[in-house]
Amino acid sequence: MAVEVHRRVPAPQRGRGTGERGRVQAGDALPLPIRHTNLIFSALFAASLAYLMRRWREKIRNSTPLHVVGLTEIFAICGLVASLIYLLSFFGIAFVQSVVSNSDDEEEDFLIAAAKAQAPAPTKPAPQQCALLQSAGVAPEKMPEEDEEIVAGVVAGKIPSYVLETRLGDCRRAAGIRREALRRITGREIDGLPLDGFDYDSILGQCCEMPVGYVQLPVGVAGPLVLDGRRLYVPMATTEGCLIASTNRGCKAIAESGGASSVVYRDGMTRAPVARFPSACRAAELKGFLENPANYDTLSVVFNRSSRFARLQGVKCAMAGRNLYMRFTCSTGDAMGMNMVSKGVQNVLDYLQDDFPDMDVVSISGNFCSDKKSAAVNWIEGRGKSVVCEAVIREEVVHKVLKTNVQSLVELNVIKNLAGSAVAGALGGFNAHASNIVTAIFIATGQDPAQNVESSQCITMLEAINDGRDLHISVTMPSIEVGTVGGGTQLASQSACLDLLGVKGANRESPGSNARLLATVVAGAVLAGELSLISAQAAGHLVQSHMKYNRSSKDMSKMAC
Numbered sequence: 001m002a003v004e005v006h007r008r009v010p011a012p013q014r015g016r017g018t019g020e021r022g023r024v025q026a027g028d029a030l031p032l033p034i035r036h037t038n039l040i041f042s043a044l045f046a047a048s049l050a051y052l053m054r055r056w057r058e059k060i061r062n063s064t065p066l067h068v069v070g071l072t073e074i075f076a077i078c079g080l081v082a083s084l085i086y087l088l089s090f091f092g093i094a095f096v097q098s099v100v101s102n103s104d105d106e107e108e109d110f111l112i113a114a115a116k117a118q119a120p121a122p123t124k125p126a127p128q129q130c131a132l133l134q135s136a137g138v139a140p141e142k143m144p145e146e147d148e149e150i151v152a153g154v155v156a157g158k159i160p161s162y163v164l165e166t167r168l169g170d171c172r173r174a175a176g177i178r179r180e181a182l183r184r185i186t187g188r189e190i191d192g193l194p195l196d197g198f199d200y201d202s203i204l205g206q207c208c209e210m211p212v213g214y215v216q217l218p219v220g221v222a223g224p225l226v227l228d229g230r231r232l233y234v235p236m237a238t239t240e241g242c243l244i245a246s247t248n249r250g251c252k253a254i255a256e257s258g259g260a261s262s263v264v265y266r267d268g269m270t271r272a273p274v275a276r277f278p279s280a281c282r283a284a285e286l287k288g289f290l291e292n293p294a295n296y297d298t299l300s301v302v303f304n305r306s307s308r309f310a311r312l313q314g315v316k317c318a319m320a321g322r323n324l325y326m327r328f329t330c331s332t333g334d335a336m337g338m339n340m341v342s343k344g345v346q347n348v349l350d351y352l353q354d355d356f357p358d359m360d361v362v363s364i365s366g367n368f369c370s371d372k373k374s375a376a377v378n379w380i381e382g383r384g385k386s387v388v389c390e391a392v393i394r395e396e397v398v399h400k401v402l403k404t405n406v407q408s409l410v411e412l413n414v415i416k417n418l419a420g421s422a423v424a425g426a427l428g429g430f431n432a433h434a435s436n437i438v439t440a441i442f443i444a445t446g447q448d449p450a451q452n453v454e455s456s457q458c459i460t461m462l463e464a465i466n467d468g469r470d471l472h473i474s475v476t477m478p479s480i481e482v483g484t485v486g487g488g489t490q491l492a493s494q495s496a497c498l499d500l501l502g503v504k505g506a507n508r509e510s511p512g513s514n515a516r517l518l519a520t521v522v523a524g525a526v527l528a529g530e531l532s533l534i535s536a537q538a539a540g541h542l543v544q545s546h547m548k549y550n551r552s553s554k555d556m557s558k559m560a561c
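This is the structure:
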C-alpha cells in the first residue's frame, strides 16, 4: 500500500501533556511534503553558494577586501548556512543510519514520520500498559494509526524488525510494535510474557536484540554465609524448589562452626586464536618465539595497549599439524574480560604479521581457550578465577543441623562424587551439584549463564579430622568466570544483587578485587550447597525435602493468567 507521508506537527495524544511536542526532525523545517522541503533547501544551497562564489571572484579581481559584505551577501551567507545545516541533518544522519540498517529510503521516511507522531512520555511513578496489549488475547480495537502502519510493514516483511529501535528512537515502543507483529505472524498469544515495567534502553546495543518482553524470575537469598570474616547474603535466581533452602542450611552449618575461608590462587582470562602456516615447521617457529621468556616483555607491551587493566601473564601453544593454537592469559581487572583479552590478542597478531607474513589467522578463537565448553585445559590450567574454599564443621553441628554423621558424609563423598564421577567419565564434575548454585548466582548477578559450563567445574573433598569427630570440607573450582562491570551487571536488578554483596562496579582502589570477592562468594555458596545436599543424601532426606519444597499444591490450570 503506497502512502504519501507529510511532515506535520503531531497532535496531542491521550495520556500526554497537551503542551508537549514530538521530537523535531530535519524534515519539519517547513510544513510541506518532505520531497518539497528537500528540493527547496537544495536549491537555496546551490543558489547561495553560486552567488557568493561569483561575488568573491569579483572582489578578488577588484582587490576589494573579502570581509566587506553587502546586505545581499549577508542574506546569501545566512541561506547557505541554514541550507547546509538542514542538508547535513537530514541526509547525513539518514545516510549513516541506512548503512547500519541496510534499509531503503522509503522505509526510512515511513518510520521517521511515524516516530514523529509519538511524543515522548513524561516520567510517571508507574509505567502505563502498552497500547498494543491492553486486552488479553484480543487485538486492540483502535491502535494508533502510525503504529498500525509500522506493524503491517513488519508483518509484510517491508520493514526489518531489527531497525525499529534505531528508526523510532523509542525502545519501549519498538518492543511493543515488534511484539504485536509477532502475535499476528505466529497467531500465538504471549500474554504471560510481560512488556511494561522494564527499561529497554538499558539493553540496547549490549544485552539483547529485538526484545518483545522480559522473563520474570524469582530471586531468593541464602545466608548469612560467613566467609573470610564477612557475613554475606547470597542472591540466587532460580525456579528449582529446595535449592535455596538447602544452600541456606549449609550456610547455617558453616556459620555455627566458625565460618569458611577461601583463597584465589590464580586469576587470568584466556583467549586462544588459531593460525595456519604453510608447514608444521613454520608453525613451530612461532610457537618457539611466543614461549621464549626473552620475548615476553615485547609481547606484553604490545598486548597491554588494549586496556589499562589488561596485563599479559603468559602464552602457551599447542599444535595440530600446521595449525598453531596460542592460548593467551591476562588479568582483566573487575571485568570478566573476554572482550579485553580479545583486543589484546588482536594487537599481538597484527604485530606478529610483520615477522610471520605467511601466518594465516583462521579465527580469533580456536577453542583452546576454552569458552563455554567443558575442557581439560580449563580444569588443569584454569580460566578466570581459580578458587579453593574450605571449612571445618564441628561434630555437634553435623548431628544437629545436617542430621547425619561425619563417617557417612566422608564415605558417600568418596563413592558418589569421586568414584561415581570417575565411572561416568566426568571432566571436572567431581561434585554433587555445583552448577546449581553457580547458575543461580550467575543469573542473579548478571554474569553470562552459558559460562556456567566451565565455572561449575569443581571437586568436593570431605575428610574426617580431630580423631574422626569433625568434618573438613573443601571445594576447588579452577575456572570461575565472573565480573562486576560490563554486560548484564549494568542492569538495574543485577546491579542491585551485586550491591547486596558489596561488589557493585569496579573497585577503584584495588582493581580486580570486587571480581575476586564475587568468585569467592560463588565458591563459598557452592561449599554450603555441597555440604547440605550430601548430608540430605547420606540421611536419606533428599526425596522427602523435594516433595516438600519442589512441588506446588496449586492447580495452575485453574489460575487466571
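Residue 539 in the UniProt record's numbering sits at position 539 of the sequence shown; the count goes up by one each step and never skips. Positions of the beta carbon are idealized from the N, C-alpha and C atoms, including for glycine. Keep in mind the model is a prediction, meaning the values are calculated, not measured.
Applying the criterion that 16 or more other CB atoms from any shown protein chain within 10 Å of the CB defines a buried residue, is G258 buried or exposed? That one is exposed.
From the DSSP output, which residues share a beta bridge with N431? For N431, which the question treats as bridged, DSSP gives no partner whatsoever.
Other residues of its chain near L500: CB distance less than 7 Å, five sequence neighbours each side excluded: Excluding sequence neighbours, L500 sits near Y233 and P235.
Given 8 Å, three or more beta-carbon pairs between the stretch 267-280 and the stretch 359-379: The stretch 359-379 and the stretch 267-280 touch, with three or more beta-carbon pairs separated by less than 8 Å.
In this structure, how does DSSP classify F356 when only helix, strand and coil are distinguished? Coil, per DSSP.
Would you call C281 buried or exposed, if buried means 16 or more other Cβ atoms sit within 10 Å of its Cβ? Its Cβ having fewer than 16 others within 10 Å, C281 is exposed.
Hey, how far is the Cα of N431 from the Cα of G223? Looking at the two C-alpha atoms, the distance is approximately 21 Å.
State the start and end residues of the unbroken alpha helix (DSSP H) segment that holds V453. Counting along the chain, the unbroken alpha helix (DSSP H) around V453 starts and ends at N452 to S455.
Return helix, strand or coil for P478, following the three-state DSSP convention. Three-state DSSP puts P478 in a strand.
Let me check understanding here. Comparing Cα to Cα, which of M336, A426, A47 and R179 lies closest to H516? Note on identity: in this sequence residue 516 is Arg, with His being the wrong assignment. Nearest of M336, A426, A47 and R179 to R516, Cα basis: M336.
Give me the residue from G314, I74, C251 and M461 with the minimum Cα distance to Y51. Residue I74 is the option with its Cα nearest to Y51.
Where does C207 fall in DSSP's three states? The three-state secondary structure of C207, taken from DSSP, is coil.
Quick one: complete alpha helix (DSSP H) runs, 4+ long, within the stretch 239-282? Entirely contained in the stretch 239-282, the alpha helix (DSSP H) runs reaching 4 residues are, in chain order, 243-256.
I need the straight-line Cα distance from G384 to T460, nearest angstrom please. Rounded to the nearest angstrom, the two C-alpha atoms are 19 Å apart.
R231 in three-state terms, based on DSSP: It is a strand residue.
Once DSSP output is grouped into helix, strand and coil, what is the label at K400? Taken through DSSP and simplified to helix, strand or coil, K400 comes out as helix.
By alpha-carbon positions, which one of T186, G187 and E165 ends up nearest to I177? That would be E165, whose Cα lies nearest to the Cα of I177.
Would you call R188 buried or exposed, if buried means 16 or more other Cβ atoms sit within 10 Å of its Cβ? That one is exposed.
Just checking my contact of G314 with T329 at CB under 8 Å: how many whole Å lie between their CB atoms? Between T329 and G314 the Cβ distance is about 5 Å, and since that is below 8 Å, they are a contact.
Unbroken alpha helix (DSSP H) run spanning L517, endpoints: Segment S513 to A539, the alpha helix (DSSP H) holding L517.
Looking at the structure shown, is A47 part of a helix, part of a strand, or coil, going by DSSP? If DSSP states are grouped into helix, strand and coil, A47 belongs with the helices.
V81 classed as buried or exposed, judged by whether at least 16 other C-beta atoms fall within 10 angstroms: Looking at its Cβ environment, which holds fewer than 16 other Cβ atoms inside 10 Å, V81 is exposed.
At 4 residues or longer, what runs of the alpha helix (DSSP H) sit wholly inside the stretch 308-332? Runs of the alpha helix (DSSP H) inside the stretch 308-332: none found.
Beta carbon of L409, beta carbon of L471: below 8 Å? Going by C-beta atoms, L409 is nearer than 8 Å to L471.
Among G220, L225, L193 and P218, which one has its Cα closest to the Cα of P211? Among G220, L225, L193 and P218, the Cα nearest to that of P211 is on L193.
Give the C-beta separation of A237 and I443 to the nearest angstrom, bearing in mind that I take them to be a contact with Cβ-Cβ under 8 Å. Cβ atoms of A237 and I443 come within 8 Å of each other, at about 4 Å.
Local conformation of A375 per DSSP, three classes: A375: coil per DSSP, three-state reduction.
Rounded to the nearest angstrom, how far is the Cβ of E256 from that of V406, given a contact under 8 Å? With 8 Å as the limit, E256 and V406 do not qualify as a contact, their Cβ atoms being about 15 Å apart.
Under the rule that 16 or more other beta-carbon atoms within 10 Å means buried, what is G540, buried or exposed? Label assigned to G540: exposed.
Quick check on H472: does DSSP put it in helix, strand or coil? Strand at H472.
Note the first and the last residue of the continuous beta strand (DSSP E) segment covering A391. Per DSSP, the continuous beta strand (DSSP E) segment holding A391 begins and ends at G384 to I393.
What number of angstroms, rounded off, separates the C-alpha of V215 from the C-alpha of Q206? For the pair V215 and Q206, the Cα-to-Cα distance works out to about 18 Å.
Is it true that the stretch 341-361 meets the stretch 442-457, where meeting means three or more beta-carbon pairs spaced less than 8 Å apart? With the rule of 3 Cβ pairs closer than 8 Å, the stretch 341-361 does not count as touching the stretch 442-457.
Exposed unless 16 or more other CB atoms sit within 10 angstroms - verdict on E530: Buried, because 16 or more other Cβ atoms sit within 10 Å of the Cβ of E530.
Could you name the residues of the same chain whose beta carbon sits closer than 8 Å to that of R54, not counting the 5 residues immediately before and after it, in chain order? Same-chain partners within the cutoff: there are none.
Which residue spans inside the stretch 137-221 form an unbroken alpha helix (DSSP H) run of at least 4? For the stretch 137-221, whole alpha helix (DSSP H) runs of length 4 or above, ordered along the chain, are 145-155, 164-168 and 171-186.
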